[in-house]
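Residue numbering for the sequence shown follows the numbering used here, beginning at 1 and increasing consecutively.
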Amino acid sequence: MAYTEWGEADNPRAAICVHGMTRNSHDFDRLAEALAESHRVISVDLAGRGASDWLREWQGYQPATYLSDLCTLVASLELVEVDWIGTSLGGSLGMLMAGDEDAVTRGMIRRLVLNDIGPLIPASSMEPIADRVGRAPDFAELEEAEAYQRQVCAEWGELSDETWMHLTLHSLRPMDGGGFAYHHDPAIGDSLRAKGPMRDVELWPWWRRIDCPVLVLRGAESNLLRAETAAEMKKDGAEVIEYPGIGHTPSIMVEDQVQAVTAWLNS
């Protein structure tokens, strides 16, 4: 598993950043720069994304694979305790780990930040994602890729031109014959679509076992983390911050969101 690291390697305070379905470690660059003052920050590329290897079989693109890889990484880095920041898929993996029946695994997470994800993932919100994953077009020019990036991530809210280009550059890989393709394995989409019609994903049993502090970031227009789900999480003790005018997901690439996460982790 490839990862990007910030901060001092001997800092006992560590943070793991885990991206969304087809994203990559560089989605956390702005947050990591700020968090490196207090933490050793490890931002990962899940299998089939970014600099990590593609799997031989599409059937391997499952939460069990990602969790195994992440546990192996934590052990190899000799991390005893981590703060976990997860966007969408990365957040659901954090919930699975923080709510594991094994108390040792559960105790690895000191604080958990969930970016627009909760214990109920509606099928209706996953259907367009499953339909799109692995079907991104190739691009002859970088400008075409940036326009596409702005389109598919429009729900992230207003970002600077510099940030859009940053996201675009780290989302692409050059093709041998020229041009660019998205930097993830198209087979990830096969693993989603092979399950047939989407069903609601319910992680409530894991959620109920989580005993560490939880911060939830929610886009007010999100159809993946519904308002009623966030309200239930708040009732269970989570701190919830809602961002108006944003859907799925808050980018954590703008100052107020970065500050909210760093301040909470350091409180």
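Where is the CB? At the ideal position from N, CA and C, for every residue including glycine.
Computed from a predicted model, the values in this text were never measured in an experiment.
Compute the Euclidean distance between the alpha carbons of residue i and residue j, then round it to the nearest angstrom.
{"i": "Met-198", "j": "Leu-167", "result": "29 angstroms"}
{"i": "Ser-124", "j": "Asn-223", "result": "8 angstroms"}
{"i": "Tyr-182", "j": "Ser-171", "result": "6 angstroms"}
{"i": "Val-113", "j": "Gly-20", "result": "13 angstroms"}
{"i": "Ala-145", "j": "Phe-180", "result": "8 angstroms"}
{"i": "Met-108", "j": "Asp-10", "result": "18 angstroms"}
{"i": "Val-82", "j": "Glu-255", "result": "23 angstroms"}
{"i": "Tyr-66", "j": "Ala-147", "result": "30 angstroms"}
{"i": "Ala-2", "j": "Ile-188", "result": "17 angstroms"}
{"i": "Leu-265", "j": "Gly-94", "result": "15 angstroms"}
For a test of the three-state rule: what should DSSP assign to residue i, helix, strand or coil?
{"i": "Pro-63", "result": "helix"}
{"i": "Glu-202", "result": "strand"}
{"i": "Leu-31", "result": "helix"}
{"i": "Cys-153", "result": "coil"}
{"i": "Ala-14", "result": "strand"}
{"i": "Trp-84", "result": "strand"}
Taking the alpha-carbon of residue i as reference, which of the options has the nearest alpha-carbon?
{"i": "Ala-130", "options": "Tyr-61, Leu-79 and Leu-114", "result": "Tyr-61"}
{"i": "Ala-238", "options": "Ala-103, Pro-119 and Gly-189", "result": "Pro-119"}
{"i": "Trp-164", "options": "Gln-149, Phe-139, Ala-14 and Gly-177", "result": "Gln-149"}
{"i": "Leu-192", "options": "Trp-6, Ala-32 and Trp-58", "result": "Trp-58"}
{"i": "Glu-232", "options": "Tyr-243, Trp-204, Ser-52 and Arg-209", "result": "Trp-204"}
{"i": "Tyr-243", "options": "Glu-221, Pro-137, Phe-28 and Ala-47", "result": "Glu-221"}
{"i": "Met-175", "options": "Asp-211, Gly-189 and Pro-137", "result": "Pro-137"}
{"i": "Thr-72", "options": "Ser-38, Met-97, Glu-158 and Gly-178", "result": "Met-97"}
State the CB to CB distance for the pair residue i and residue j, rounded to an integer number of angstroms; the pair is presumed to be in contact (CB under 8 angstroms).
{"i": "Arg-226", "j": "Val-240", "result": "In fact, because the Cβ distance is near 12 angstroms, the residues do not count as touching under 8 angstroms."}
{"i": "Arg-23", "j": "Arg-49", "result": "7 angstroms"}
{"i": "Gln-257", "j": "Ser-251", "result": "7 angstroms"}
{"i": "Ile-85", "j": "Trp-156", "result": "Actually they are not in contact, since the Cβ atoms of Ile-85 and Trp-156 sit about 16 angstroms apart, beyond 8 angstroms."}
{"i": "Trp-6", "j": "Val-44", "result": "That belief does not hold up - the Cβ atoms of Trp-6 and Val-44 are roughly 13 angstroms apart, past 8 angstroms."}
{"i": "Arg-111", "j": "Cys-17", "result": "With a Cβ gap of about 13 angstroms, Arg-111 and Cys-17 do not count as contacting."}
Could you tell me which residues DSSP pairs with residue i in its beta bridges?
{"i": "Glu-239", "result": "Leu-215"}
{"i": "His-184", "result": "Arg-49"}
{"i": "Phe-139", "result": "Phe-180"}
{"i": "Ile-117", "result": "None; Ile-117 has no bridge partner."}
{"i": "Tyr-3", "result": "Val-44"}
{"i": "Pro-174", "result": "Phe-180"}
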